[in-house]
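The numbering of the sequence shown is this note's numbering, which starts it at 718 and goes up by one.
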Amino acid sequence: MNRHHLPLLALALAAASLNTAAADLAGLSLEELMKVEVTSVAKKAQALGNVAAAVHVITEEDIRASGARSLPEALRLAPGVDVAQISGSRWAVSIRGGTGRFANKLQVMIDGRSVYSSLFSGVFWEAERMPLSEVERIEVLRGPAGSTWGANSVNGVINIITKAAVATGGTRVAAAGGSPGLVDLDADTSFAIGANAALRIYGRAHRIGSGDTGGALAALGDAADAARAQTAGLRLDHHGDDGVHSTLRVGLVHGESGDRWLQASVAPPYGSYPAAVQTHDRVVAQGQQVRGLGEASELTLSAAALAEDAKISGSLRHRYSMAEFDIQHRWWGWDGHDISWGAGLRYNHSVGSAGDMATFVPPRKDWTEWRLFAQDEWLLVPERLRATLGLRVDRHPYAGAQAQPSVRLLWNASTNTSLWAAVSRAVRAPSRGESDIQLNLAVLPPGTAANPGPLPVQLRVNAPFDAPISERLDALELGLRSQLDKTLSLDLALFEHRYRPDFTRVAGAPQFVPGPLPYLLVDLNSRAVSSRTHGVEAALDWRPTARWRQQFSYALLDAAANGTPRHQLKLRSVVDVQDRLRVQALLRYASERLSADLQTQGQAVAAGTALDLAVAWRVNASTELTLGGTDLLRPARVEFVPDLALSAPAVIGPRWSLQLQTRF
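Shown next, in the form of structure tokens:
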């Protein structure tokens, strides 16, 4: 047995032998779960049982019990979310297809503020380093939400909602260590400011050392796997006597991660992956004020500003800043109607510089985006039937103005069962990286399967559009949410997605480049095609006793090779063994994962099963010790073939961690 498993399994077996006459499993009953409020579907609080969408809520307690140390690890708890680890700090996360480090059809937000990079309209997960103790819940919406959240809310939305300052009293300190070379320290303190305000300040220092690297995919080389980051921030909440609630969040992050980026050459050996350091520096501030305007009206004002500097040593640098403002008005004074409307404006400033890898054209760019939205939730039959009509228009300089409508219908067939249907359109706007960057990719050696000719072939990606075109998704969804009895609930969703146009890269005609080392230059041009995907997502939540909860989920995605497995299964079991001891196990299965990238097409990650295990012992009322293990039951291997073979993956093996947390 792998030595990483021994301490974890020993403690788990010891836990299982203890007296099970313990306190109730912390968390909500199934009846209470159906009444949990979510805000990510319609920008307002709605009971989960009354939402016409495929939604899952990851609670603070779920995260704590899982032993997760990063946001992507926490997202593994949600049905239908595909998470693959590329290296110690790099991740590929997606919903309903298109998995990749540069996945661009998933909207990720923190307290409603989008965190996608303007370079590729996706998320650099290695730069999202907030302590998980800051998170109150994570709302995961599978399926399009363009009518609410706008461009790039195509295949799903992840909204990470942080705790109010008043929710965490006193001071908390946590320290963790583990493999490979993990050191993680974080702390926060909260206190009242007068009678109506509270402030929380937090900080975190995180480091992970190099683990195994190797040539499981020899063509991609091996990869550096070390990372470190420092994060600090605050949250201020004020509840005025006049009912006005104001919130301010400020965050700073400095992160460094090891990587190996491709240096292509037309001379043998035609390419190498020298060690590089990728850095992210960011400061962000966001504020929100919610004000009641009478008994049936509410006004929300939001603003945010961000400045960041991302660098890959010797290859690329991108400095970006933005400022945005949103206004939303909600009115429910018309019998049977709950109407919201709003508008927003965002200013962007981008400066790019690069070496041999890429060229920005132009190096500097400034642009403005605006958006308008309106929505009406109409109660057609009280307590039984409701419809939600929504429309949002986003204007982006790369794509012009785009309308994103949706119609959602929910029928409460009984007090325990609801059925819903949705027809939606969502748009993905081209990013700065797609429209303004020329990338020099790999060189294909002569006399190989990919290039049987006598000359090396240099692959290049040009900014693809003279007149940028956005991708459009038309989606049909059907769902069922039912509490089958007091211990068992079912959540089922079926979907059909049609992308028009969906863009793929195709090789252009070779161009001969003379010189001492002659070669052929091939541009990879974007070609508009249509594509369809469809699938099924099912989740069962079973609570046979008050101290034992089991969750099972299955996701089927029928799509062409796009980095996402066809089948995903997850089985999660949480047991309160006794008053102070809790054990969680998450068993994950993913079928074969095929690469869709032109350079790595045909390479695959084999199907596999992994086990994540966490054992938490509450030493006393304020102190907890948690032992966790990740990717157990399987040997070290590459989990993901990069969607662009510019950087190399690391071999991911079993890992363990031990954390001590105390509050005073």
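Yeah, the Cβ is synthetic: ideal placement off N, Cα and C, and Gly gets one too.
Computed from a predicted structure; not experimentally measured.
Exercise. For alanine 791, which three-state DSSP category applies?
Worked result: Counting from one through the sequence shown, the residue named residue 791 turns up at place 74. In the structure shown, alanine 791 falls within a helical segment according to DSSP collapsed to helix, strand and coil.
For this session: Mind checking who valine 994 pairs with in its DSSP beta bridge?
Result: The sequence position of residue 994 within the sequence shown is 277, counting from 1. Within the DSSP secondary-structure output, valine 994 pairs in a beta bridge with Gly975.
Exercise. Quick one: what does DSSP say glutamate 845 is sitting in, helix, strand or coil?
Worked result: Translated into the one-based positions of the sequence shown, residue 845 becomes position 128. Glutamate 845 sits in coil when the DSSP states are folded into three classes, being neither helix nor strand.
For this session: Report back the beta-carbon spacing between threonine 885 and arginine 917 to the nearest angstrom; my notes put them in contact at under 8 Å.
Result: Locating residue 885 in the sequence shown gives position 168, counting from the first residue. Locating residue 917 in the sequence shown gives position 200, counting from the first residue. Contact holds; Cβ gap of about 6 Å.
For this session: Would you mind listing the beta strand (DSSP E) stretches within the segment 1063 to 1135 that are 3+ residues and don't spill past its ends, in chain order?
Result: Inside the segment 1063 to 1135, DSSP marks whole beta strand (DSSP E) runs of 3 or more residues at positions 1075 to 1077, 1081 to 1098, 1102 to 1113, 1117 to 1129, from first to last along the chain.
Problem set entry | Contacting residues, own chain, Cβ-Cβ under 7 Å from serine 1199 (five flanking each side not counted) | Translated into positions along the sequence shown, residue 1199 becomes position 482. Asn1133, Thr1134, Ser1206, Leu1207, listed in sequence order.
For this session: Go ahead and pull the three-state DSSP assignment for alanine 1184.
Result: Stepping through the sequence shown from its first residue, residue 1184 is reached at position 467. Its pLDDT being 48, under 50, alanine 1184 is placed unreliably in this model, and the value from its coordinates should be taken loosely. Looking at alanine 1184 - three-state DSSP - the assignment turns out to be coil, as it is neither helix nor strand.
For this session: Note the first and the last residue of the continuous beta strand (DSSP E) segment covering serine 1038.
Result: In the sequence shown, the residue the question calls residue 1038 occupies position 321. Counted as a single uninterrupted DSSP element, the beta strand (DSSP E) harbouring serine 1038 occupies residues 1033 to 1048.
Exercise. Taking just the CA atoms, how far does leucine 979 sit from alanine 1359?
Worked result: Counted from its first residue, the sequence shown places residue 1359 at position 642. Counted from its first residue, the sequence shown places residue 979 at position 262. A quick correction: the sequence has proline, not alanine, at residue 1359. Rounded to the nearest whole angstrom, the C-alpha separation of proline 1359 and leucine 979 is 12 Å.
Problem set entry | Exposure label - aspartate 1284; buried when at least 16 CB within 10 Å | Position 567 of the sequence shown, counted from the first residue, corresponds to residue 1284. Just to set this straight, residue 1284 is histidine in the shown sequence, not aspartate. Under a 10 Å Cβ-count criterion, histidine 1284 is classified as exposed, with fewer than 16 other Cβ atoms of the shown protein chains found around its own Cβ.
For this session: Ignore the nearest five residues each way along the sequence and tell me which others in leucine 1195's own chain have a CB closer than 6 Å to its CB.
Result: Here residue 1195 refers to the residue found at position 478 of the sequence shown. Once the five neighbours on either side are set aside, the close Cβ partners of leucine 1195 are Ala1138, Leu1211.
For this session: For asparagine 1337, count neighbouring Cβ atoms within 10 angstroms of its own Cβ and tell me buried if that reaches 16, exposed if not.
Result: For the purposes of this step, residue 1337 is taken as residue 620 along the sequence shown, with counting starting at 1. Burial call: exposed.
Problem set entry | For valine 1230, three-class secondary structure by DSSP | Numbered from 1 along the sequence shown, position 513 holds the residue referred to as residue 1230. Collapsing the DSSP output to three states places valine 1230 in a strand.
Exercise. If you draw a straight line from the C-alpha of glycine 911 to the C-alpha of alanine 882, how long is it?
Worked result: Mapped onto the sequence shown, residue 911 falls at position 194. Mapped onto the sequence shown, residue 882 falls at position 165. One alpha carbon belongs to glycine 911, the other to alanine 882, and they sit about 13 Å apart.
For this session: Using 10 angstroms around the beta-carbon of arginine 889, count the other beta-carbons present and answer buried if the total reaches 16, otherwise exposed.
Result: Residue mapping note: residue 889 aligns to position 172 of the sequence shown, counting from 1. Under this definition arginine 889 is a buried residue.
For this session: Evaluate serine 974 with the Cβ neighbour count: other Cβ atoms within 10 Å of its Cβ, from every protein chain shown; 16 or more gives buried, anything less gives exposed.
Result: Counted from its first residue, the sequence shown places residue 974 at position 257. With 16 or more Cβ atoms within 10 Å of its Cβ, serine 974 is classed as buried.
For this session: Please say whether serine 1019 and valine 994 have beta carbons closer to each other than 8 Å?
Result: Your numbering for residue 994 matches position 277 in the sequence shown. Your numbering for residue 1019 matches position 302 in the sequence shown. Remark: C-beta atoms of valine 994 and serine 1019 do not approach each other more closely than 8 Å.
Exercise. Exposed or buried, alanine 1118, counting other C-beta atoms within 10 Å across all chains shown (16 or more means buried)?
Worked result: In the sequence shown, counting from the first residue as 1, residue 1118 sits at position 401. Looking at its Cβ environment, which holds fewer than 16 other Cβ atoms inside 10 Å, alanine 1118 is exposed.
Exercise. Which residue spans inside the segment 835 to 920 form an unbroken alpha helix (DSSP H) run of at least 4?
Worked result: If one requires a minimum length of 4 residues, the alpha helix (DSSP H) runs lying completely within the segment 835 to 920 are 863 to 866, in chain order.
Exercise. Does at least one heavy atom of the ligand ZN sit under 7 Å from the Cβ of valine 1007?
Worked result: Inclusion of the ligand ZN in the displayed structure is not the case, the ligand content being empty and no account of it being possible.
Exercise. In whole angstroms, what separates the C-alpha of isoleucine 1044 from that of glutamine 1121?
Worked result: Here residue 1044 refers to the residue found at position 327 when the sequence shown is read from its first residue. Here residue 1121 refers to the residue found at position 404 when the sequence shown is read from its first residue. Rounded to the nearest angstrom, the two C-alpha atoms are 19 Å apart.
Problem set entry | Cβ shell of glutamine 763 (< 7 Å), same chain only, five flanking positions each side left out | The residue you call residue 763 lines up with position 46 of the sequence shown. The residues are Glu754, Val755.
Exercise. Alpha carbon to alpha carbon, how far is leucine 1363 from leucine 1158?
Worked result: One-based indexing of the sequence shown puts residue 1363 at position 646. One-based indexing of the sequence shown puts residue 1158 at position 441. Rounded to the nearest angstrom, the two C-alpha atoms are 7 Å apart.
For this session: Let me know if arginine 1383 comes out buried or exposed under the rule of 16 or more other beta-carbons within 10 Å of its beta-carbon.
Result: Here the chain covers residues 718 to 1381 and nothing more, so residue 1383 does not appear.
Problem set entry | Within 8 Å, strictly: CB atoms of glutamate 1402 and tyrosine 1216 | Residue 1402 is absent from the model: the chain starts at 718 and stops at 1381.
Exercise. Since leucine 1172 contacts valine 1239 with CB under 8 Å, what's their CB separation in whole angstroms?
Worked result: Within the sequence shown, numbered from 1, the residue matching residue 1172 stands at position 455. Within the sequence shown, numbered from 1, the residue matching residue 1239 stands at position 522. Not confirmed; about 11 Å, so no contact.
For this session: Consult DSSP for glycine 931 and reduce its assignment to one of helix, strand or coil.
Result: Within the sequence shown, residue 931 is the residue found at index 214, counting from 1. Any answer about glycine 931 is weak, because its pLDDT of 34 lies below 50 and its placement is not dependable; what the coordinates show is given next. It is coil, neither helix nor strand.
Exercise. Looking at the unbroken alpha helix (DSSP H) that takes in aspartate 1153, where does it start and where does it end?
Worked result: Taking the sequence shown and counting its residues from 1, the one referred to as residue 1153 is at position 436. Taken as a continuous stretch (DSSP letters only), the alpha helix (DSSP H) holding aspartate 1153 covers 1149 to 1153.
For this session: Decide if arginine 807 is buried, meaning its Cβ has at least 16 other Cβ atoms within 10 Å, or exposed.
Result: As a working note, residue 807 is residue 90 in the sequence shown. Buried is the call here.
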